[in-house]
Amino acid sequence: KEKTVPELDAGFAKTLGCETIEQFREKARQEFKRTKEDAEKERLKSEILSRLIEKYPFEIPAGLLKKYLGMVLNNVMSNIQMGVAAPGDSGLPIDALKEKYHGEAVRKVREDIILDAIAEKEKVEVAEEEYEAAVKHIADTRKVSMESLMARIEKEGATDAIIDGLKHEKVFIKILASLGGGS
Numbered sequence: 002k003e004k005t006v007p008e009l010d011a012g013f014a015k016t017l018g019c020e021t022i023e024q025f026r027e028k029a030r031q032e033f034k035r036t037k038e039d040a041e042k043e044r045l046k047s048e049i050l051s052r053l054i055e056k057y058p059f060e061i062p063a064g065l066l067k068k069y070l071g072m073v074l075n076n077v078m079s080n081i082q083m084g085v086a087a088p089g090d091s092g093l094p095i096d097a098l099k100e101k102y103h104g105e106a107v108r109k110v111r112e113d114i115i116l117d118a119i120a121e122k123e124k125v126e127v128a129e130e131e132y133e134a135a136v137k138h139i140a141d142t143r144k145v146s147m148e149s150l151m152a153r154i155e156k157e158g159a160t161d162a163i164i165d166g167l168k169h170e171k172v173f174i175k176i177l178a179s180l181g182g183g184s
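Using the working numbering, the first residue of the sequence shown is number 2, and each one after it goes up by one.
Below you can see the structure in the form of structure tokens.
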């Protein structure tokens with residue numbers, strides 16, 4: 002068996018939804034640029050949250066930590082089942098996974114509490130249209146109908162998680178704007 006790489010020509014470009022190779026190259030450049038910008042935005046978010054967590058220490062309710070650790074472990078277990086687990090996670094007993102991911106759960110709790118407090122103080126709200134646009138974006142990304150995704154979200158009780166994510170994103174926009182780097 003020998004791997005072959007397709008020719009970079011108009012035929013290849015058309016398989017990716019572009020009319021010409023130039024259009025494909027521009028699309029690739031834009032995607033690369035967006036990916037790079039998203040990575041920088043995530044790095045900045047992480048840095049800001051680290052500073053806020055350091056500056057404002059507080060006790061975490063045990064029940065909330067348990068809930069977040071459960072969510073983190075559910076994601077880890079899903080990744081193991083899909084074969085995309087972090088190195089060393091497969092085969093670890095649940096107690097070892099709990100210990101390994103305890104710090105991540107603590108951080109997530111602190112992040113959410115801080116972001117929720119800022120959202121409340123700044124009166125950040127999410128409009129119904131923003132929620133629906135976010136669900137539509139997720140549906141388009143997953144190539145499923147918005148109606149079926151909306152039904153699944155409601156069935157699983159994930160509406161609040163999406164709204165919280167949108168609120169947190171708006172909080173970051175406010176924070177970045179206050180730092181002079183708003184978008």
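Here a beta-carbon is modelled for each residue, glycine too, at the ideal position from N, C-alpha and C.
6 angstroms Cβ shell around residue i - same chain, five flanking residues per side excluded
| i | result |
| --- | --- |
| residue 158 | none |
| residue 58 | none |
| residue 171 | 125 |
| residue 169 | 116 |
| residue 184 | Residue placement at residue 184 cannot be trusted, given a pLDDT of 49 that sits under 50; what the coordinates show is reported in the next sentence. Within the same chain, residue 184 has no close Cβ partners at all. |
Beta-carbon proximity of residue i to residue j, cut-off 9 angstroms
| i | j | result |
| --- | --- | --- |
| residue 85 | residue 98 | no |
| residue 140 | residue 150 | yes |
| residue 61 | residue 136 | no |
| residue 14 | residue 21 | yes |
| residue 112 | residue 50 | yes |
| residue 176 | residue 119 | yes |
Own chain residues within Cβ distance below 7 angstroms of residue i, not counting five before or after
| i | result |
| --- | --- |
| residue 17 | 25 |
| residue 19 | 25, 28 |
| residue 147 | 136, 137, 140 |
| residue 11 | 21, 22 |
| residue 7 | 13 |
Nearest to residue i (by Cα), restricted to the options the options
| i | options | result |
| --- | --- | --- |
| residue 109 | 19, 164, 65 | 65 |
| residue 105 | 14, 54, 13 | 54 |
| residue 132 | 67, 51, 166 | 166 |
| residue 128 | 164, 143, 100 | 164 |
| residue 67 | 52, 82, 44, 102 | 102 |
Cβ neighbours of residue i in the same chain (closer than 8 angstroms, five flanking residues each side left out)
| i | result |
| --- | --- |
| residue 154 | 136, 160, 163 |
| residue 80 | 86, 87, 90 |
Would you check if there are 3 or more beta carbon pairs closer than 8 angstroms linking the stretch 61 to 76 to the stretch 35 to 42?
no
Runs of alpha helix (DSSP H) lying entirely within the stretch 64 to 118, each at least 4 residues, in chain order
none
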